[in-house]
Amino acid sequence: MDQRTPPDLHSDMVAAARAVSLSAGQRAQAEDRDDGFPAADVADLVRLGLLAAPIPSDLGGSGLGEEPGAWKLADVLRLVGYGSLALGRLYEGHVNALQLIAQYGDLGQRARLFADAGAGHLFGVWNTEPPGGGVVIEDCGDGSRLGGVKTFASGSGFVTRALVTGRSPGGETLMLVVPLPAGARADLSAWRAHGMRASATGTLDFNGLALLPDAVLGNPDDYFRQPVFSSGAWRFTAVQLGGIEAVFDVWRAHLVGTGREADPHQLARLGEGAIAVEGARQWVARAAAMATDGMLAPERVVAFVNLARLAVEKAGLDVLQLAQRSVGLQGFLRTHPLERLTRDLATYLRQPAPDRALTGAAAEILRTRAMAGDLWSGVAV
Ligand SMILES: Cc1cc2nc3c(=O)[nH]c(=O)nc-3n(C[C@H](O)[C@H](O)[C@H](O)COP(=O)(O)OP(=O)(O)OC[C@H]3O[C@@H](n4cnc5c(N)ncnc54)[C@H](O)[C@@H]3O)c2cc1C
Numbered sequence: 282m283d284q285r286t287p288p289d290l291h292s293d294m295v296a297a298a299r300a301v302s303l304s305a306g307q308r309a310q311a312e313d314r315d316d317g318f319p320a321a322d323v324a325d326l327v328r329l330g331l332l333a334a335p336i337p338s339d340l341g342g343s344g345l346g347e348e349p350g351a352w353k354l355a356d357v358l359r360l361v362g363y364g365s366l367a368l369g370r371l372y373e374g375h376v377n378a379l380q381l382i383a384q385y386g387d388l389g390q391r392a393r394l395f396a397d398a399g400a401g402h403l404f405g406v407w408n409t410e411p412p413g414g415g416v417v418i419e420d421c422g423d424g425s426r427l428g429g430v431k432t433f434a435s436g437s438g439f440v441t442r443a444l445v446t447g448r449s450p451g452g453e454t455l456m457l458v459v460p461l462p463a464g465a466r467a468d469l470s471a472w473r474a475h476g477m478r479a480s481a482t483g484t485l486d487f488n489g490l491a492l493l494p495d496a497v498l499g500n501p502d503d504y505f506r507q508p509v510f511s512s513g514a515w516r517f518t519a520v521q522l523g524g525i526e527a528v529f530d531v532w533r534a535h536l537v538g539t540g541r542e543a544d545p546h547q548l549a550r551l552g553e554g555a556i557a558v559e560g561a562r563q564w565v566a567r568a569a570a571m572a573t574d575g576m577l578a579p580e581r582v583v584a585f586v587n588l589a590r591l592a593v594e595k596a597g598l599d600v601l602q603l604a605q606r607s608v609g610l611q612g613f614l615r616t617h618p619l620e621r622l623t624r625d626l627a628t629y630l631r632q633p634a635p636d637r638a639l640t641g642a643a644a645e646i647l648r649t650r651a652m653a654g655d656l657w658s659g660v661a662v
């Protein structure tokens, strides 16, 4: 594990992420409870400049994610996820929100909301809602108000700038950025989760909140505009990769620590695990590049990122199974570091509509007449 403390954290976002990863990894066990939250780690993200880092460079920020192939952002997300998947989930939501604001916000919204990010506000993106429910905008005589709830909203009670989808009285889906007071309107009682306990993934009640005039971001249905809506999934694959690597490293350390590293069966399993980890790394890197370099047609980018999602999920499931077989019962005891890491990873691998991601990508591949080797090269028809 290469977790050096760098000389100048502010000048290097990847070095800052390494430092956050190390301290988050040390604190993660203590936050593994139903009401856990990595508050000290979020404070580190603020202190080391990572919360402000995705602010675009043309607005005075560090422009994390603007670098070719988004390699720095991919590495930062991986490292934060390595230390704590719960923190990685929260940071990924924050980055997603800032990227949507950069893309769809007007000048005033960008100036105001990026200043908020610079001041240490944690952002989140909350789209998931209960069946038949969700956030609605209601016209009142004295302006507009919000009604309804969001579910599976990570950082509930801690996110103070929420980017949420809401339905207008005319039935359109709008993106809203809603300021929230810390500690209010959040209900974590249903978050009795197998893993990711520290992500505070709860229900947030928007009933009665006034809709501020400049809260609406972009145009109706922009949130679902492709390829951004689906290709942004590359970011969570980067966080998942960090979780996969953390399981792999603890599994490897266990084999060495118990003197079981020379056994041929253990060697074979570890070799299979190394293939899975490296495969996931390559999928994530290519998905990040394709999602950000604008070289391929939007539908082809979406297909590739969907395949990357499934490839990383499979790598994660393979590593979980291999590590648990290699370590055995010890890895299921709460005193063993593998126990929480495997619960967190198994939970965070659950992402929306995996079947549709796979079959949608397959349908796109069937639509093209390009040779297999040209599918993702930019020369394909
Ligand atoms: C730790 C954590 C934090 C989260 N934080 C947030 C957040 O901050 N904001 C947010 O918006 N969301 C959040 N989510 C929710 C997340 O975006 C997804 O909604 C959730 O992970 C979906 O998981 P699922 O397995 O229930 O998916 P589903 O899409 O329900 O998939 C479950 C299974 O059903 C299949 N399936 C899907 N649709 C259908 C259908 N129509 N018919 C038949 N089968 C179907 C799938 O292919 C899959 O096999 C979070 C999730 C986690 C785990």
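Just so we're aligned: the sequence shown equals residues 282 to 662 in this note's numbering.
No residue lacks a Cβ here, since even glycine has one placed at the ideal position from N, Cα and C.
Note that the structure is a prediction, hence the values are computed from the model and not measured.
Using a 10 angstroms sphere on the CB of T539, the tally of other CB atoms stays under 16, which defines it as exposed. G560 and A367 have their C-alpha atoms roughly 23 Å apart.
In the three-state reduction of the DSSP assignment, F395 falls in the helix class.
Straight-line spacing of the CA atoms in E312 and M294 works out to 25 Å.
Where W564 is concerned, the enclosing alpha helix (DSSP H) starts and stops at 545 to 574.
Annotated three-state conformation of A443 is strand, per DSSP.
In the assembly as shown, P349 is an exposed residue. Its beta-carbon has fewer than 16 other beta-carbons within 10 Å. Residue environment analysis places V537 among the exposed positions, since fewer than 16 neighbouring C-beta atoms fall within 10 angstroms of its C-beta. R473 counts as exposed, since fewer than 16 other beta carbons sit within 10 angstroms of its beta carbon.
Counting along the chain, M294 sits inside no beta strand (DSSP E); it lies in the alpha helix (DSSP H) bounded by residues 294 to 308. With a beta-carbon spacing of about 33 Å, G452 and L577 fall beyond the 8 Å limit used to define contacts. Its chain contains P579, V582, V583 as the residues whose beta carbon lies nearer than 6 Å to that of P508, once the 5 sequence neighbours on both sides are disregarded; these appear in chain order. Secondary structure of F404 (DSSP, three-state): strand.
Counting C-beta pairs with one atom in each stretch, the region 389 to 401 and the region 416 to 433 have fewer than three that are closer than 8 Å, which means they do not touch. Contact annotation: G436 and G464 have beta-carbon atoms that are not nearer than 7 Å.
Beta-bridge partners assigned by DSSP to P450: none are found. Under the criterion of beta carbons closer than 8 Å, V458 and A496 qualify as touching, at roughly 6 Å. Under the three-pair Cβ rule at 8 Å, the region 510 to 519 does not count as touching the region 470 to 486.
A Cβ-Cβ distance of about 6 Å is found for the pair L332 and G401, placing them in contact under the 8 Å criterion. Within the DSSP secondary-structure output, G428 pairs in a beta bridge with V417. As DSSP reads the structure, G483 sits in a beta bridge with A434. Secondary structure note for H535: its alpha helix (DSSP H) is the uninterrupted segment 515 to 538.
DSSP places L368 in the helix class (H, G or I) of the three-state scheme.
Less than 7 Å divides the Cβ of A557 from the Cβ of A596. Contact check between the region 325 to 343 and the region 377 to 384: three or more CB pairs, one atom from each, fall below 8 Å, which counts as touching. Of the candidates L379, G364, G317, H535, the residue whose Cα lies closest to the Cα of E347 is L379. Leaving aside the five residues that flank G413 on each side, none in its chain has a CB nearer than 8 Å to its CB. Here V586 is not near W564, since their CB atoms are 7 Å or more apart. Each of L591, D502, R314 was checked against the Cα of L469, and the nearest Cα belongs to R314. By the criterion of a C-beta distance shorter than 6 Å, G344 is surrounded in its chain by P337, S338, once the five residues flanking it on both sides are discounted. Here the C-alpha atom of R328 lies approximately 12 Å from the C-alpha atom of A320. Counting along the chain, N587 sits inside the alpha helix (DSSP H) bounded by residues 579 to 608.
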